[in-house]
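In the numbering used here, the protein residues as written are 107 to 213.
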Amino acid sequence: MPNYKNLTIQEFDQGIKENPEAIILDVRTPSEFASGHLEHAVNAPNISEAISSLDPEKEYFVHCRVGGRSAVTAQYLSMKGFKNINNLNDSIDNTSLKLHKSSVKVA
107 MPNYKNLTIQ EFDQGIKENP EAIILDVRTP SEFASGHLEH AVNAPNISEA
157 ISSLDPEKEY FVHCRVGGRS AVTAQYLSMK GFKNINNLND SIDNTSLKLH
207 KSSVKVA
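What follows is the structure, given as structure tokens:
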């Protein structure tokens, strides 16, 4: 049993709206992130590199494109002692929240 919550798209959207201090982790590639991301989202395609900059006491909403990478990330964070992790068990393309485009250089 995972030590994180799998959320529907409705629960994910509502959770972000109700918890403005929570961290939105977008674990997609930089090019996917640039094509459209949630406002204030942090792009963390490699969680093992990003984890040192994350606060285990904060609440996290984790997503990718369809749910696979975010589930792996949520499990990893859970194993590292993070307690308040919410995983989107759906496609971010189904969100009712606005996606913002940005320019990101991809190596």
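Ideal Cβ placement from N, Cα and C applies to all residues, glycine included.
Given the structure is predicted, the values throughout are model-derived calculations rather than measurements.
- In the displayed model, Phe188 falls within coil according to three-state DSSP, outside both helix and strand.
- Annotation for Glu155: the continuous alpha helix (DSSP H) segment containing it runs 153-156.
- Our two residues, Val178 and Ala140, have alpha carbons roughly 22 Å apart in a direct line.
- Under the DSSP definition of a beta bridge, Phe167 partners with Ile130, Asn192.
- Assignment of Leu205 by DSSP, reduced to helix, strand and coil, places it in the strand class.
- Per the coordinates, the alpha-carbon of Leu205 lies some 22 Å from the alpha-carbon of Ile153.
- Taking C-beta atoms as the reference points, Val133 and Pro151 count as a pair closer than 8 Å.
- If you draw a straight line from the Cα of Ala147 to the Cα of Ile130, it is about 5 Å long.
- Between Lys111 and Asn192, the gap from beta carbon to beta carbon is short of 8 Å.
- Between Ile157 and Lys189, the gap from beta carbon to beta carbon reaches 8 Å or more.
- When the Cα atoms are used, Asp196 and Gln120 turn out to be separated by approximately 14 Å.
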